[in-house]
Amino acid sequence: MAELAVNVDHIATLREARGGIEPDPIAGAVIAELAGAVGIVCHLREDRRHINDRDVRLLREVVKTKLDLEMAAAPDIIAVALEVLPDLVTIVPERREELTTEGGLDVAARVEFFADLAARMHENDIEVSFFIEPEHEQIDAAVEAGADIVELHTGIYANAHTPEDVRRELERLAEAARYAHSCGLRVTAGHGLNYVNVVPIVRIPEIVEVSIGHSIISRAVLVGLDRAVREMVGLVRLGFSSS
Ligand code: PXP
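In our numbering, the protein residues as written are 998 to 1240.
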């Protein structure tokens, strides 16, 4: 059975839309844990567009399950990781102009660099996951670099339009999951997963965890809206009845 790690970035996106203090990703993390998430994920981007350094420090204090810091292999972010000491880092590629992470990390292109990074994390008892495309070359490179986990990129699967494309991508993910597991890696998956497309992914036996953010926060806005409006209607009417 697979488990769910919840990415709280987009609670912070909503906060940053006003530059204020709500909604608070830390409170969201607590609620996600109470609801059964086995881990909390946040991506400290170089441009700090949603999660900021203070969020990461507070999440480290508050998260009781497992804190996964998603990050680019950039010197200032590595320094934050080594200071905050998350349970796990997930290394992702990052381009400033992208809306979201657009593809897997090319571990194979810089195995020595990533091996050195993984070793620094391991020295500090931080596990290392590489976010990669479901390809043997990247899995082999992740093994060589000393990864504990590979997170398979599900974005191409999530964006596939035709049933044939969906089937092909699922098969690619299942095959890569089998291979990575046979290499001794733990296998997780994420990106673009939602309430419609997640089930076939968690049926892949080697995938032990999925990391999901945007679709959960989007749904929370809608399923929570009825209650939020009712509570405000109550206050607005109370204002009338007491005057
Ligand atoms: N996994 C990784 C490596 C990611 O970069 C992201 C996006 O931050 C996710 C999972 C979650 O993706 P989504 O927000 O589409 O669920």
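The C-beta atom is built at its ideal place from N, Cα and C for all residues, glycine as well.
* To which residues of the same chain is P1197 closer than 6 Å at the C-beta, ignoring the five residues directly before and after it? -> Translated into positions along the sequence shown, residue 1197 becomes position 200. If we look at P1197 and ignore the five residues flanking it on each side, its Cβ neighbours are L1167.
* Nearest to A1071 by CA position, among S1212, G1036, I1201, E1043, is which residue? -> Taking the sequence shown and counting its residues from 1, one reaches residue 1071 at position 74. Out of S1212, G1036, I1201, E1043, E1043 has the C-alpha closest to the C-alpha of A1071.
* Could you give the uninterrupted runs of the alpha helix (DSSP H) lying entirely in the stretch 1095–1150, keeping only those of 4 residues or more? -> Whole alpha helix (DSSP H) segments, 4+ residues: 1108–1120, 1133–1141.
* Mind checking whether S1208 and V1038 have CB atoms under 8 Å apart? -> Translated into the one-based positions of the sequence shown, residue 1208 becomes position 211. Translated into the one-based positions of the sequence shown, residue 1038 becomes position 41. A contact, by the Cβ cut-off of 8 Å.
* Asked: Should G1187 be listed as close to ligand 1, given that the test is whether its C-beta is under 7 Å from any heavy atom?
  -> For the purposes of this step, residue 1187 is taken as residue 190 along the sequence shown, with counting starting at 1. Result yes, Cβ under 7 Å from ligand 1.
* Span separating the alpha-carbon of G1001 from that of L1066 -> The residue labelled residue 1001 in the question sits at position 4 within the sequence shown. The residue labelled residue 1066 in the question sits at position 69 within the sequence shown. The question names Gly, but residue 1001 is Leu in the sequence shown. Their Cα atoms are separated by approximately 15 Å.
* Asked: For V1086, which residues from the same chain have a beta carbon less than 8 Å from its beta carbon, with the 5 sequence-adjacent residues on both sides left out?
  -> Translated into the one-based positions of the sequence shown, residue 1086 becomes position 89. For V1086, where only same-chain residues beyond five positions count, the Cβ hits under 8 Å are D1065, L1066, E1067, M1068, A1078, M1118, I1123, E1124, V1125, S1126.
* To do: Quick one: using the 10 Å Cβ neighbour count with 16 as the cut-off for buried, is L949 buried or exposed?
  => Residue 949 is absent from the structure shown; the chain starts at 998 and stops at 1240.
* Asked: Is A1034 helix, strand or coil when you go by DSSP?
  -> Translated into positions along the sequence shown, residue 1034 becomes position 37. In the structure shown, A1034 sits in coil (DSSP, three-state: anything other than H, G, I, E or B).
* Are there 16 or more other CB atoms within 10 angstroms of the CB of G1221, so buried, or fewer, so exposed? -> Indexing the sequence shown from 1 puts residue 1221 at position 224. The residue is exposed, with fewer than 16 neighbouring Cβ atoms inside 10 Å.
* **Given A1174 as reference, the closest of I1146, N1191, L1190, E1161 once Cα atoms are compared** => If you number the sequence shown from 1, residue 1174 lands on position 177. It is I1146 whose Cα lies nearest to the Cα of A1174.
* **First through last residue of the alpha helix (DSSP H) which encompasses L1056** => Counted from its first residue, the sequence shown places residue 1056 at position 59. It spans 1050–1059 - the alpha helix (DSSP H) in which L1056 sits, taken as one unbroken run.
* What distance in whole Å lies between the Cβ atoms of V1059 and A1026, which are believed to be in contact at a cut-off of 8 Å? -> As a position in the sequence shown, residue 1026 is number 29, starting the count at 1. As a position in the sequence shown, residue 1059 is number 62, starting the count at 1. Sure, about 6 Å apart at Cβ, within 8 Å.
* **Run of the beta strand (DSSP E) containing A1071, from where it starts to where it stops** => The count along the sequence shown starts at 1 and reaches residue 1071 at position 74. Per DSSP, A1071 belongs to no beta strand (DSSP E) and is neither H nor E.
* Asked: Hey, N1004 and G1189 are a contact pair by Cβ (cut 8 Å); roughly how many whole angstroms apart?
  -> In the sequence shown, residue 1004 corresponds to position 7, counting from 1. In the sequence shown, residue 1189 corresponds to position 192, counting from 1. Wrong, their Cβ atoms sit about 12 Å apart, outside the cutoff.
* Asked: What is the rounded straight-line gap between the Cα of L1056 and the Cα of A1144?
  -> Your numbering for residue 1056 matches position 59 in the sequence shown. Your numbering for residue 1144 matches position 147 in the sequence shown. Using only the alpha carbons, I get a separation of about 24 Å.
* Specify, as a first and last residue, the run of the beta strand (DSSP E) that T1010 falls within. => Here the question's residue 1010 lines up with position 13 in the sequence shown. First-last for T1010: 1006–1015, but that is the alpha helix (DSSP H), not the beta strand (DSSP E).
* Own chain, CB closer than 6 Å to P1241, minus 5 neighbours either side, in chain order -> Examination of residue 1241 is not possible in this model, given that the chain is present from 998 through 1240 alone.
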